[in-house]
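As structure tokens, the structure follows; a few thoughts come after it.
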Amino acid sequence: MKSSRQDLGKGSVPKLVLGLAVPAMIAQFVNVLYSLIDRVYIGNIPGVGDLALAGVGVCGPIVTLLSSFGTLVGLGGSILMAIRMGEGNNATARKVLANCFLMLVGLSALLTAGFLICREPLLRCFGASDATFPYADTYLTIYTAGTFFALMAVGLNYFITCQGYSTVGMAAVLIGAVANIILDPVFIFALNMGVAGAAAATVLSQFLSCAFTAWFLFCKPPIRIGLCRPDFPLMFRVAGMGFPPFLILATDSIILIAMNAVLQYYGGPEQGDALIACATIVQSCMALITGPMLGISSGTQAILSYNYGACRSDRVRQAARCVLRMCLGFTVIMFVVFQLLAGQIVRIFTSDASLLELSAWGLRVFTLGIIPLAVQYARVDGLTALARTRTSLALSLFRKAGFVLLTLALPAFFGARAAFYAEPLADVISACVSGTVFVLVFEPQLARREFHAAEQLFRED
Numbered sequence: 172m173k174s175s176r177q178d179l180g181k182g183s184v185p186k187l188v189l190g191l192a193v194p195a196m197i198a199q200f201v202n203v204l205y206s207l208i209d210r211v212y213i214g215n216i217p218g219v220g221d222l223a224l225a226g227v228g229v230c231g232p233i234v235t236l237l238s239s240f241g242t243l244v245g246l247g248g249s250i251l252m253a254i255r256m257g258e259g260n261n262a263t264a265r266k267v268l269a270n271c272f273l274m275l276v277g278l279s280a281l282l283t284a285g286f287l288i289c290r291e292p293l294l295r296c297f298g299a300s301d302a303t304f305p306y307a308d309t310y311l312t313i314y315t316a317g318t319f320f321a322l323m324a325v326g327l328n329y330f331i332t333c334q335g336y337s338t339v340g341m342a343a344v345l346i347g348a349v350a351n352i353i354l355d356p357v358f359i360f361a362l363n364m365g366v367a368g369a370a371a372a373t374v375l376s377q378f379l380s381c382a383f384t385a386w387f388l389f390c391k392p393p394i395r396i397g398l399c400r401p402d403f404p405l406m407f408r409v410a411g412m413g414f415p416p417f418l419i420l421a422t423d424s425i426i427l428i429a430m431n432a433v434l435q436y437y438g439g440p441e442q443g444d445a446l447i448a449c450a451t452i453v454q455s456c457m458a459l460i461t462g463p464m465l466g467i468s469s470g471t472q473a474i475l476s477y478n479y480g481a482c483r484s485d486r487v488r489q490a491a492r493c494v495l496r497m498c499l500g501f502t503v504i505m506f507v508v509f510q511l512l513a514g515q516i517v518r519i520f521t522s523d524a525s526l527l528e529l530s531a532w533g534l535r536v537f538t539l540g541i542i543p544l545a546v547q548y549a550r551v552d553g554l555t556a557l558a559r560t561r562t563s564l565a566l567s568l569f570r571k572a573g574f575v576l577l578t579l580a581l582p583a584f585f586g587a588r589a590a591f592y593a594e595p596l597a598d599v600i601s602a603c604v605s606g607t608v609f610v611l612v613f614e615p616q617l618a619r620r621e622f623h624a625a626e627q628l629f630r631e632d
């Protein structure tokens, strides 16, 4: 297979950002299609579509949490590896990749066992009713059995992109997504497997993506997967670097859990399942915004990290500006699309008139703050790329804590539907805070890096 590699330390920064961001956007968009396509087909299962959709929606937090562990290792390790590559220290870069591979293997085994054992109380806690539990239990059991493939496909892909092979990283995700699109209708409808077929198709698709990703990293790039003894201090550092983006994804699960529980509680027996089905549709559509935007902000982190390691502050500044502009441009377009076409978009999930009307309203509300959200993504991931993990972690926690508090508080005063306003309110507030913090710490961080590099060079002389 022929693959082009981009040199992160040379050439036009805007072209580099575009070259990494566009494939990463596409990869993340396609990655979102895994759950989106499942939910589209599940929502259209004759007779039980709405209940099955609500059941799979209850599984959403666990599915998100499982994949976020791949991001914890992959994004944290790839940032550290890119910095070492920028320093010209390829030996340590190889050691980082080898230890991250071991981390993914160990985490997949622990998570598979843990979630299979605890799935019933977790699903009940997360909002599964007697009517939706059978669908949720079936989907989660099969999906969790394929955790190894999911974590490897997500985690290892970052190490392809950070070496400049953005199109290969995109191809790895496309392989799985195309397979899922083909297999879903076959398993769900042709083989009459229903929800079990959706989960089986997803696991098989993730296996194909995982196999391609592992093959490439074992055989092709300059920094390949190798065997080594576990370096636990290095593993802890990788986890520390990857914790802020992991927290962003993992706390999405907490928000989904809180929202499902709140909607079930305040909606009651009459509206609870319908509101959860609505939230499932809305959150699936929202992922079409946050997924690609994460592709822009995280997919371009390698440029910031590499040039930060090489003490090229001018290129770091230019890349940070380009990333923010891309995020803002993308969210402006998506805001217009979702506000104008909400009814047509949710129609692909359901034909039920009342659920369609409710979901269109929920989607318009949920996306009111997506333009400010671009600032949050670009600035938090930018600070993570510069190894400011504590700062980015604090900003992530601030947004997620506000989101959860608003999700819990608003329905208590204004009814169950008010939970949908938590997203735009949290997005606007956190964007203001993150933008301000970034302005205050960005330049001092670059100055410190240049000072320490000059000091080290002086000592060597």
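Here the working numbering runs 171 ahead of the position in the sequence shown, where the first position is 1. For every residue, glycine included, the Cβ atom is placed at its ideal position computed from N, Cα and C.
Given residue i, which residues of its chain have a CB within under 7 Å of its CB, disregarding the five upstream and five downstream residues?
i, result
"R265", "I394 and G397"
"R518", "L527"
"L362", "G368"
"M172", "Low confidence applies here, because M172 scores a pLDDT of 45, under 50, leaving its location unreliable; read the following figure in that light. There are no such residues."
"Y548", "M464, L465, S468 and C498"
"A597", "R570, G573, F574 and L577"
"C289", "none"
"S567", "P415, L418, I419 and V551"
Specify, as a first and last residue, the run of the alpha helix (DSSP H) that residue i falls within.
i, result
"M274", "N261 to C296"
"Q489", "S484 to V517"
"I541", "I541 to A556"
"Q472", "Q472 to G480"
"Y310", "F304 to A316"
"E528", "A524 to F537"
"V357", "Where V357 is concerned, there is no enclosing alpha helix (DSSP H), given that its DSSP letter is neither H nor E."
"F520", "Premise fails: F520 is in no alpha helix (DSSP H) and is neither H nor E."
"D221", "G220 to G257"
"F389", "V366 to C390"
"G573", "T560 to F585"
With a threshold of 6 Å on Cβ separation, who are the neighbours of residue i within its own chain once the five nearest residues in sequence on each side are excluded?
i, result
"V487", "L475, N478 and Y479"
"A371", "I313 and F358"
"G277", "none"
"S279", "T318, F319 and L322"
"R408", "none"
"V374", "G317"
"A458", "V203"
"L539", "P595"
"S249", "Y329, F330 and C333"
"L379", "I346, G347 and A350"
"L417", "Before going further, note that residue 417 is Phe rather than Leu in the sequence given. Cβ neighbours of F417 beyond the five flanking positions: S239, T242 and L243."
"G257", "Y477, G480 and A481"
For my contact list, residue i and residue j are in at a C-beta cut-off of 8 Å; report their separation, rounded to the angstrom.
i, j, result
"L222", "Y306", "7 Å"
"T502", "M464", "7 Å"
"G335", "A198", "Actually they do not touch by this definition, with Cβ atoms about 15 Å apart."
"V551", "S484", "No, V551 and S484 are not in contact; Cβ-Cβ is about 20 Å, not under 8 Å."
"L251", "V267", "5 Å"
"V366", "G214", "Rounded, the Cβ-Cβ distance is 11 Å, inconsistent with contact."
"M505", "I460", "5 Å"
"F383", "A343", "5 Å"
"L293", "I233", "7 Å"
"D301", "D209", "Not a contact, Cβ separation roughly 23 Å."
"Q442", "A587", "7 Å"
"M406", "N261", "Contact doesn't hold; Cβ gap of about 20 Å is too wide."
"A513", "L495", "Actually they do not touch by this definition, with Cβ atoms about 27 Å apart."
Is residue i close to chain B? Criterion is C-beta to C-beta, closer than 7 Å.
i, result
"M323", "Among the chains of the structure shown, chain B does not appear; only one protein chain is present."
Cutting at 8 Å between CB atoms, please list the residues of its own chain near residue i, excluding the five before and the five after it.
i, result
"A385", "M323, L327 and I396"
"L529", "A445, L446 and C449"
"L204", "A348, N351 and I352"
"A490", "V184, L187, V188, T471, I474, L475 and N478"
"V612", "L554, R559 and T562"
"L581", "A589, A590, Y592 and A593"
"Q377", "Y205, G317, F320, A321, A324 and G347"
"R255", "N261, T263, A264, V267 and G480"
Counting beta carbon pairs with one atom in the stretch 325–334 and one in the stretch 232–251, are three or more of them shorter than 8 Å? yes
- Cβ contact (3+ pairs, closer than 8 Å) linking the stretch 584–604 and the stretch 540–551: yes
(Q) Tell me whether the stretch 289–308 and the stretch 417–436 touch, counting them as touching only if at least three CB pairs, one residue from each stretch, are closer than 8 Å. (A) In this structure the stretch 289–308 touches the stretch 417–436; the number of beta carbon pairs closer than 8 Å is three or more.
Segment contact flag, the stretch 551–566 with the stretch 410–418, C-beta cutoff 8 Å, min 3 pairs: yes
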